[in-house]
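Step one of this worksheet: look at the structure below.
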Amino acid sequence: MTENLGAIFTVAPTAVSWVLLYIIVQRLGELVYANSNTKRLIAEGGEEFGADHYQYFIFLHSAWIAIIALLVNPEYPLNPALLAIFIATQFLRFWTLASIGRWWTTRVISAPHFDRIKRGPYKYISHPNYLVVVLEIAIIPLLLGLPWVALVFSILNAILLRHRLGVENAVLRERN
Numbered sequence: 081m082t083e084n085l086g087a088i089f090t091v092a093p094t095a096v097s098w099v100l101l102y103i104i105v106q107r108l109g110e111l112v113y114a115n116s117n118t119k120r121l122i123a124e125g126g127e128e129f130g131a132d133h134y135q136y137f138i139f140l141h142s143a144w145i146a147i148i149a150l151l152v153n154p155e156y157p158l159n160p161a162l163l164a165i166f167i168a169t170q171f172l173r174f175w176t177l178a179s180i181g182r183w184w185t186t187r188v189i190s191a192p193h194f195d196r197i198k199r200g201p202y203k204y205i206s207h208p209n210y211l212v213v214v215l216e217i218a219i220i221p222l223l224l225g226l227p228w229v230a231l232v233f234s235i236l237n238a239i240l241l242r243h244r245l246g247v248e249n250a251v252l253r254e255r256n
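Position one of the sequence shown corresponds to residue 81 (the working numbering), numbered consecutively onward.
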């Protein structure tokens, strides 16, 4: 197993290692951006809701990346259709983040005076970032030849996301 991790980041990177590197950098960048926004929103009078479940999301997403990195074959041939779907999800991710901007965080932070975003993908669906995450958790392991990881982590994410959506939707109903 650990030889896979070393082989992923070899001198001559493979397509698999580029996908994994992108995912790691993207997720870490999002956490930095989210933490910055969270601190600012709290300072502007925001309140966090549902903090009790946040650590489970961090654990789930970290475990998902770690298991993929440990088990993936660095030479696995990427399926072009799945790669195209993954790339499309990234366009939705960037559109979502650009649309919500300063309000985007990985936590549920709200206050009555905060804006409710209704532009970009938010005009069409309530939680586009969650859609991106649901798609990624399934597509990336499938793209990398790990279908059981897609299944197990999709189920675990659905359980957490069901709770999270209940919290977030209750908070949003109070702001309408």
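We treat Cβ as the ideally placed atom computed from N, Cα and C, and that holds for glycine.
Counting only residues of its own chain and dropping the five nearest sequence neighbours on each side, Thr185 has a CB closer than 7 Å to the CB of Ala114, Asn117, Thr118 and Leu121. Runs of the beta strand (DSSP E) lying entirely within the segment 121-162 and spanning at least 3 residues, in chain order: 127-129. Around the beta carbon of Asn209, a 10 Å sphere encloses 16 or more other beta carbons of the protein chains shown; the residue is thus reported as buried.
Cβ contact annotation for Glu248 (same chain, cutoff 6 Å, sequence separation greater than five): Val188, in chain order. Our two residues, Pro154 and Pro227, have alpha carbons roughly 16 Å apart in a direct line. For Leu236, the closest of Thr94, Glu124 and His141 by C-alpha to C-alpha distance is His141.
A residue is called buried when at least 16 other Cβ atoms come within 10 angstroms of its Cβ; Phe174 does not meet this threshold and is exposed. Here Ser179 carries a helix assignment [DSSP, helix/strand/coil]. Beta-bridge partners of Val188 (DSSP): Phe129.
Under the three-state reduction of DSSP output, Phe194 falls in the coil class, being neither helix nor strand. When the alpha-carbon of Arg199 is set against those of His193, Arg244, Leu211 and Ala178, the nearest one is in Ala178. Contact between Leu163 and Leu223 holds: CB atoms are separated by about 6 Å, below the 8 Å threshold.
In the three-state DSSP reduction, Ala92 falls in the coil class, being neither helix nor strand. For Pro221, the uninterrupted alpha helix (DSSP H) run begins and ends at Pro208 to Leu223, by DSSP. Annotation for Leu241: the continuous alpha helix (DSSP H) segment containing it runs Pro227 to Arg255. Burial state of Gly125 is exposed, judged by a 10 Å Cβ sphere holding fewer than 16 other Cβ atoms. In the displayed model, Ile103 falls within a helix according to three-state DSSP.
Here Ile165 carries a helix assignment [DSSP, helix/strand/coil]. By the CB criterion at 9 Å, Phe166 and Glu128 fall outside the cutoff.
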